[in-house]
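In what follows, a single structure is set out as structure tokens and then discussed.
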Amino acid sequence: MSLYLSVTYSYLYILFTTFPNVFSNLYNFNEGETGLAYLGLGVGFSIGQISLGPFLDWYHKRQTALHGTNKPEDRLPPLILGTCLVPIGLIWYGWCAKYRTHWILPIIGTGFTAAGMFYTFVAIQIYLIDAFTLFAASAIAANTVARSVFGATIPLAAPALYNRLGLGWGNTLLGFIGVAFIPFSIALMVFGERIRTAERFRVGL
């Protein structure tokens, strides 16, 4: 999951670094208008923040009522949604920009991507804390290092990616990479407890 979070984090910086080229060259936005294009990401993150807290509280109470307790895997349903929204938003953004549809459409696509990223970030961070308990700080630190490396290096390949494949297929490739992680997130939710409690994977000093 740290690998997926790192990949998703790099996607965020790919969007950050390619917005000026996309909206100034394709839509003839000036500098101020290009800055406003980032509001799609902001709205997506805000929707994720507003909706995720109440859902997690409700799901936590539901699982406690059903089973008398809860487990770290109960934190993962938002991850499933997030792994679906990120590629949907990327592909939406890429093809709308390629065909120069109305400027609001690619911005809406980035909103879906941002909401999916927020669900992913929060779900994985909380899962790591619940799963590693006393070692949570170390798990979070390792995760932070990994995603920072990805965030600093992967976006450097974005210009070559879009020059070769274009916005449509370039973002579709990024989306397909995200889709490949969906089965792993589902498997973690279903089999995570079995893996986590297995002797060979148990954390200890």
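Counting from 1, position 25 in the sequence shown corresponds to residue 29 in the working numbering; the numbering is continuous, with no gaps. Virtual Cβ for every residue (Gly too), placed ideally from N, Cα, C. Small disclaimer: the values here were computed from a predicted structure and weren't measured.
>> Quick check on this structure: which residue in TYR15, LEU9, TYR123 and SER10 has the alpha carbon closest to the alpha carbon of LEU165?
In response: Stepping through the sequence shown from its first residue, residue 165 is reached at position 161. If we check each option's Cα against that of LEU165, TYR15 comes out closest.
>> Using C-beta distances below 7 Å, list every residue in its chain close to GLY172, excluding the 5 sequence neighbours before and after it, in chain order.
In response: Within the sequence shown, numbered from 1, the residue matching residue 172 stands at position 168. If we look at GLY172 and ignore the five residues flanking it on each side, its Cβ neighbours are GLY98, TRP99 and LYS102.
>> To test your reading of the DSSP string, which unbroken alpha helix (DSSP H) runs of 4 or more residues are found completely within the stretch 86 to 163?
In response: 108 to 136 and 140 to 157
> Under the rule that 16 or more other beta-carbon atoms within 10 Å means buried, what is ILE128, buried or exposed?
Replying inline: Here residue 128 is taken as the residue at index 124 of the sequence shown, counted from 1. Result: buried.
>> Does the stretch 83 to 94 come into contact with the stretch 112 to 126, if we say contact requires no fewer than three beta-carbon pairs (one atom in each stretch) closer than 8 Å?
In response: yes
> With 16 other CB atoms within 10 Å as the buried threshold, where does GLY2 fall?
Replying inline: This structure cannot speak to residue 2, because the chain is shown only from 5 to 209.
>> Whole angstroms are fine: how far does the CA of LEU192 sit from the CA of GLY36?
In response: Taking the first residue of the sequence shown as 1, we reach residue 36 at position 32. Taking the first residue of the sequence shown as 1, we reach residue 192 at position 188. Spanning the two alpha carbons is a distance of roughly 43 Å.
> Out of LEU160, PHE136, THR38 and PRO81, which has the shortest C-alpha to C-alpha gap to PHE59?
Replying inline: Position 55 of the sequence shown, counted from the first residue, corresponds to residue 59. Ranking LEU160, PHE136, THR38 and PRO81 by Cα distance to PHE59 puts PRO81 first.
> Nearest to LEU109 by alpha carbon, out of GLY44, TYR131 and HIS71?
Replying inline: Along the sequence shown, read from residue 1 onward, the residue named residue 109 stands at position 105. Of the candidates GLY44, TYR131 and HIS71, the one whose C-alpha sits nearest the C-alpha of LEU109 is GLY44.
> Taking 7 Å as the line, does the beta carbon of ARG79 fall inside it for any heavy atom of the ligand ADP?
Replying inline: Inclusion of the ligand ADP in the displayed structure is not the case, the ligand content being empty and no account of it being possible.
>> For ASP134, which residues in the same chain have their Cβ closer than 7 Å to its Cβ, ignoring the five residues on either side in sequence?
In response: Position 130 of the sequence shown holds residue 134. These residues qualify, in order along the chain: PRO76 and ARG79.
> Excluding five sequence neighbours on each side, which residues of the same chain lie with their C-beta closer than 8 Å to the C-beta of THR157?
Replying inline: Taking the sequence shown and counting its residues from 1, the one referred to as residue 157 is at position 153. Cβ within range, chain order: SER14.
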